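Student: Have a look at this one before I ask anything.
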Amino acid sequence: MNKVIKKVFSITPIASIYVFIYHIISGLFVAAKLYASMQIIQSGYEYIKHANNIETIIKYGLMLLIIILLERLLEYFYAIAMNGYLFEKDWQLLK
């Protein structure tokens, strides 16, 4: 197993590092989406209860939207790294 990992990393180091970092960052996106969702619910409750300003709901809604868009962009590059770079190049060289 160690030989395979070394060979894959030596063939495609940038894509290998990106895939590793992607998995770490994707966990942070889950936490950020949860935080934004909780803030939307809390702000909605405060708005209904006290008739406060609706701008905080909009702010956290936009924050959630930006997080989702960044996550999708990261997934797009992940798919390119996995399918177009790592898999194709490694498949050819590991034969």
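Counted from 1, the sequence shown has number 23 at position 22 by the numbering used here; the numbering is strictly sequential.
Just so you know, even glycine gets a beta-carbon here, dropped at the ideal spot from N, CA and C.
Since we're looking at a predicted model, the values are computed, not measured.
#1: If you measure between the beta carbons of residue 19 and residue 80, is that distance less than 7 angstroms?
#2: List the endpoints of the continuous alpha helix (DSSP H) containing residue 33.
#3: Below 8 angstroms on the Cβ atoms is my guess for residue 26 versus residue 70; work out the distance and round it to an integer in Å.
#4: Measure the Cβ-Cβ separation of residue 61 and residue 42 and say whether it is below 7 angstroms.
#5: How far does the alpha helix (DSSP H) with residue 62 in it reach, from first residue to last?
Tutor: The short version:
#1: Here residue 19 refers to the residue found at position 18 of the sequence shown. Here residue 80 refers to the residue found at position 79 of the sequence shown. No; because the gap between Cβ atoms is not below 7 angstroms, this pair is not in contact.
#2: Translated into positions along the sequence shown, residue 33 becomes position 32. It spans 14 to 51 - the alpha helix (DSSP H) in which residue 33 sits, taken as one unbroken run.
#3: Against the sequence shown, residue 26 aligns to sequence position 25. Against the sequence shown, residue 70 aligns to sequence position 69. Not a contact, Cβ separation roughly 14 angstroms.
#4: Counted from its first residue, the sequence shown places residue 61 at position 60. Counted from its first residue, the sequence shown places residue 42 at position 41. No. Outside cutoff.
#5: Residue 62 sits at position 61 when you count from the first residue of the sequence shown. Segment 56 to 80, the alpha helix (DSSP H) holding residue 62.
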